[in-house]
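Convert by adding 416 to the 1-based position in the sequence shown; the result is the number in the numbering used here. To keep things clear, I will list the structure first and then write my remarks on it.
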Amino acid sequence: MDERIIISKIEDYVATLFSKDATGHDYYHMKRVATVARKIAIEENADIFISEAAGWLHDVGDRKLFDDPNAAKQDMINKLTSWGVGQEVIAQILLAIDDVSFSKGHVKPVTLEGKLVQDADRLDAIGAIGVARTFAYGGFNNRLIHTEEKQEQATATIQHFYDKLLLLKDLMNTDSAKRLAEERHRFMLEFLQQFYKEWDC
Ligand code: NI
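This is how it looks when you write it as structure tokens:
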């Protein structure tokens, strides 16, 4: 099957899986990650099809989002096989996806495609979209936006900027992503400055 047709099949499949998500991991997150992964793949001379496919599919089987991660992954493999994607290509897509999620266990990605999909996923966690997704995720998990109670500050959403989001700029794997991260990082600093200004009235 033609690669463009396979990508559109993947897109439809992802739309059915993530259309109802309210945690910031919705269809449009997958779409942005796939689009940015494709752009970075072109700049970094990586495999474009594997990068884009892995971008679309990178959250399939994520433990936060699926009750049965293994069944979700197997279903994805079955779908790709039924569309005529070769076993070797599927293995490379899976490797790239695992590279993204291995980041959660603090292991560095090994494939270039894994590195750049991880970058695309991290870029979507920062900037204006990152701000929106962070508060959506916090609300979904019953977290406070911010608080003046010292003991509760650690679990409020604003703290997540300092624990993770402001660190991501320096964790990008590719030069393309490092460049893209600069503007988004600056925006978050401006956002926080304005946030505290309004908080203190
Ligand atoms: Ni993601």
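Even for Gly, the Cβ is constructed at its ideal location relative to N, Cα and C. It should be emphasised that the depicted structure is a prediction, and the values quoted were computed from it without experimental measurement.
For a quick check, are the C-beta atoms of residue i and residue j less than 9 Å apart?
| i | j | result |
| --- | --- | --- |
| residue 470 | residue 556 | no |
| residue 546 | residue 588 | no |
| residue 528 | residue 509 | no |
| residue 431 | residue 443 | yes |
| residue 539 | residue 597 | yes |
| residue 489 | residue 476 | yes |
| residue 552 | residue 448 | no |
| residue 532 | residue 450 | no |
| residue 427 | residue 499 | no |
| residue 544 | residue 607 | yes |
| residue 517 | residue 474 | yes |
| residue 478 | residue 441 | yes |
| residue 559 | residue 572 | yes |
Go ahead and label residue i buried or exposed: buried means 16 or more other beta carbons lie within 10 angstroms of its beta carbon, across all protein chains shown.
| i | result |
| --- | --- |
| residue 457 | buried |
| residue 550 | buried |
| residue 468 | buried |
| residue 534 | buried |
| residue 591 | exposed |
| residue 466 | buried |
| residue 583 | exposed |
| residue 507 | exposed |
| residue 586 | exposed |
| residue 501 | buried |
| residue 542 | buried |
| residue 492 | buried |
| residue 435 | exposed |
| residue 421 | exposed |
| residue 417 | exposed |
| residue 526 | exposed |
| residue 514 | buried |
| residue 561 | exposed |
| residue 570 | exposed |
| residue 595 | exposed |
| residue 602 | exposed |
Are the C-beta of residue i and some C-beta of chain C separated by less than 9 Å?
| i | result |
| --- | --- |
| residue 460 | Of the chains in the structure shown, none is chain C; there is only one protein chain. |
Contact set, ligand 1 heavy atom to C-beta under 7 Å: Qualifying residues, in the order they occur: 441, 445, 449, 474, 475, 537 and 540.
Contained alpha helix (DSSP H) runs [length at least 4] in the stretch 449-519, N- to C-terminal order: Whole alpha helix (DSSP H) segments, 4+ residues: 464-473, 485-498 and 503-518.
Uninterrupted alpha helix (DSSP H) stretches inside the stretch 547-580 (no shorter than 4 residues): List check, alpha helix (DSSP H) in window: 573-579.
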